[in-house]
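Protein chains in written order, with my numbering: chain A, 22 to 349; chain D, 22 to 349.
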């Protein structure tokens, strides 16, 4: 399902990260990075809430707005019940709806916000996307203290919060179109190789977008997926070539960009915050310099749940996509 | 944030429940009720997915449509990662986004769908809302087999799936407006009295809706909240009277209607499916007979998460509201 927009702009972003992202090559694109995992809060979950709130405060400051200027807030994270966003929202007093498409949520939020702005149903919307490495590990895998080794295809959940302000007020980045994906399930059961589960979803949404818009892949100067990781990225490239005869050239995956190639990060970053941190940080800066004029963000989510994988079910996945353009 | 609609209709619904709802007074308003908690599936989680899929099949059959006639699917449930809907969606191949506002989600979905239909961004949308008593107990409270007694203010999670079809094709029920709520947190920490946590959210959203629309409470023939329960309902009535001097007269709460007053259900039903089962079943039938012409559904959600309540944090809550009218 592809939507087209004429009057939706990405006005401002605010990006906060944890310590591992601070050590990464994109640190200068973030507004703020912490040296620990607590950020002054008592627990990892509360820490994640805290940086969401802080990213909103920073965003509003940068955009010269106050909370009552904002009509709607979409939020997403990986914690059960989207709890990091729920608690952050409780201090904000902005009408709020939580979105869950795992790590595809960030773009899902942008699409819903764009649809409502395009038709003047709302003026300004903030979209918050966050994840926390330790919070996610604790919830989805093993106690962090256990410190078990992992396979090389594993990704490393990004600790950070990314916040975007969308409105119909002109800026140098326009949201041009968006495609909502369908859930794919090709039978992958390996929770340590989610890139493999998600690549077919990315491929399907990208193919449908090109078909809906009648565009060739060369229409776009740059394509950013997130977070397929080092191995999932190669699967996507092969899959696009084999299945649709489409070659991905000016393409990279946010997972492979946020960390220097260290052993700690295995196949790269992941988590709801990974794509928007790389996209709003590094890629938008390239767009503002007009290095890229037309860009796709394809956010991919593994709809993984420990109860279901314990029941030996495979991992469904989904991808949503948004097209951004530099305005003249 | 209140939205107004001129061209959005609720075309069809399909309602499936479990055994306790079958014993309740509204059984004749449901399309189908099962005698057990498994519905032929192996686990409670898979059972919940199964009745979501079945409710969609039934809906499409009743509406004389097929899956490819549907542009978009919003889904919500109480399981972590909205897993019941994710797995159901993976068999459907309809563009999908998950929504989470706990038991306020059902109305959140209707509002987002209505906004997109009103502006012709989509033609037809399905909204699925589900919950499963045993799945929810297992996840949020104690193992079901433990069988611990509970306090009288506790609610009993409804087992069921409710599915609605919205479009701009005229029907006898029009969606007239919707209000998205803000997260409230008045410091309630008692997980066995979530009606108390949610009543202020219902009050705030209702008050804002009346203010935005410049309507008196008497504009509406009937107001349905869900799920405050027997005690939460009284708190809302008192709160509205004290805080806003508004008397709730033609009013009831879905929690108090779905079960006969048995000891098993404590303060009444709850769960994402409760309000839509009562609303789409009993209330719409009253509207179709023109007993009620203008109705409000106020869905309330306790954004509860066991990790956060274990960290001694209070329970934030939210309420979204939709106004339905009988067409002439």
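C-beta: ideal position from N, C-alpha, C; glycine also.
By the CB criterion at 8 angstroms, residue 200 of chain D and residue 288 of chain D fall outside the cutoff. As DSSP reads the structure, residue 94 of chain A sits in a beta bridge with A/117 and A/147. Contact with chain D is found for residue 114 of chain A, since one of that chain's Cβ atoms lies less than 8 angstroms from the residue's Cβ.
Excluding five sequence positions before and after residue 186 of chain A, the CB atoms of its chain that fall closer than 6 angstroms to its own CB belong to 32, 33, 80, 84 and 147, given in chain order.
Here residue 310 of chain A has no same chain residue with a Cβ atom under 7 angstroms from its own Cβ, once five neighbours each way along the sequence are excluded. For the pair residue 64 of chain A and residue 181 of chain A, the CB atoms are not nearer than the 8 angstroms cut-off.
Distance from the Cα of residue 305 of chain A is smallest, within the candidate group A/28, A/22, A/25 and A/47, for A/47. Around the beta carbon of residue 312 of chain D, a 10 Å sphere encloses fewer than 16 other beta carbons of the protein chains shown; the residue is thus reported as exposed.
At a cut-off of 8 angstroms between beta-carbon atoms, residue 22 of chain A makes contact with chain D.
Residue-level contact by beta carbon holds for residue 110 of chain D and chain A, with a gap shorter than 8 angstroms. Inter-residue distance for residue 142 of chain D and residue 247 of chain A is about 26 angstroms (C-alpha atoms, whole angstroms).
Between residue 294 of chain D and residue 245 of chain D, the C-beta spacing is not below 8 angstroms. Between residue 326 of chain A and residue 102 of chain D, the gap from beta carbon to beta carbon is short of 8 angstroms. For residue 158 of chain A, the closest of A/291, A/108, A/115 and A/279 by C-alpha to C-alpha distance is A/291.
No Cβ of chain A is located within less than 8 angstroms of the beta carbon of residue 294 of chain D.
Secondary structure at residue 192 of chain D: coil, using DSSP grouped into helix, strand and coil. The alpha-carbon separation between residue 267 of chain D and residue 237 of chain D amounts to approximately 9 angstroms.
Considered as a whole, the segment 218 to 277 of chain A harbours 243 to 247 and 272 to 274 as its complete beta strand (DSSP E) runs of no fewer than 3 residues, in chain order.
Taken through DSSP and simplified to helix, strand or coil, residue 89 of chain A comes out as helix. Taking each of A/108, A/96, A/242 and A/197 in turn and checking the Cα distance to residue 121 of chain A, the smallest one comes out for A/96. For residue 209 of chain D, the three-state secondary structure derived from DSSP is coil. Excluding five sequence positions before and after residue 302 of chain A, the CB atoms of its chain that fall closer than 7 angstroms to its own CB belong to 36, 47, 50 and 51, given in chain order. Closest in C-alpha terms to residue 216 of chain D, from the list D/285, D/234 and D/172, comes D/172. Taking a Cβ-Cβ threshold of 7 angstroms, the residues of chain A close to residue 64 of chain D are 332, in chain order.
An exposed status is given to residue 349 of chain D, since fewer than 16 other beta-carbon atoms sit within 10 Å of its beta-carbon.
Residue 197 of chain A is positioned such that its CB atom lies no closer than 8 angstroms to that of residue 342 of chain A.
Looking at the DSSP output, residue 184 of chain A shares a beta bridge with A/35 and A/149. Assignment of beta-bridge partners to residue 303 of chain D by DSSP yields no partner. Taking 8 angstroms as the cut-off, the beta carbon of residue 112 of chain D is found closer than this to the beta carbon of residue 74 of chain D. Distance from the CA of residue 150 of chain A to the CA of residue 25 of chain A, rounded to the nearest whole angstrom, comes to 23 angstroms. Closest in C-alpha terms to residue 59 of chain D, from the list D/307, D/78 and D/152, comes D/152.
Going by DSSP, residue 157 of chain D is part of the alpha helix (DSSP H) stretching over 154 to 161.
Distance between residue 242 of chain D and residue 99 of chain A, taken at the CA atoms: about 41 angstroms. Put simply, the CB of residue 263 of chain A is far from chain D, with every gap to its CB atoms at 8 angstroms or more. Identification of residues in the segment 67 to 99 of chain A having a C-beta nearer than 8 angstroms to some C-beta of chain D yields 67, 92 and 93, given in sequence order. Here the alpha carbons of residue 263 of chain D and residue 329 of chain A stand approximately 46 angstroms from one another.
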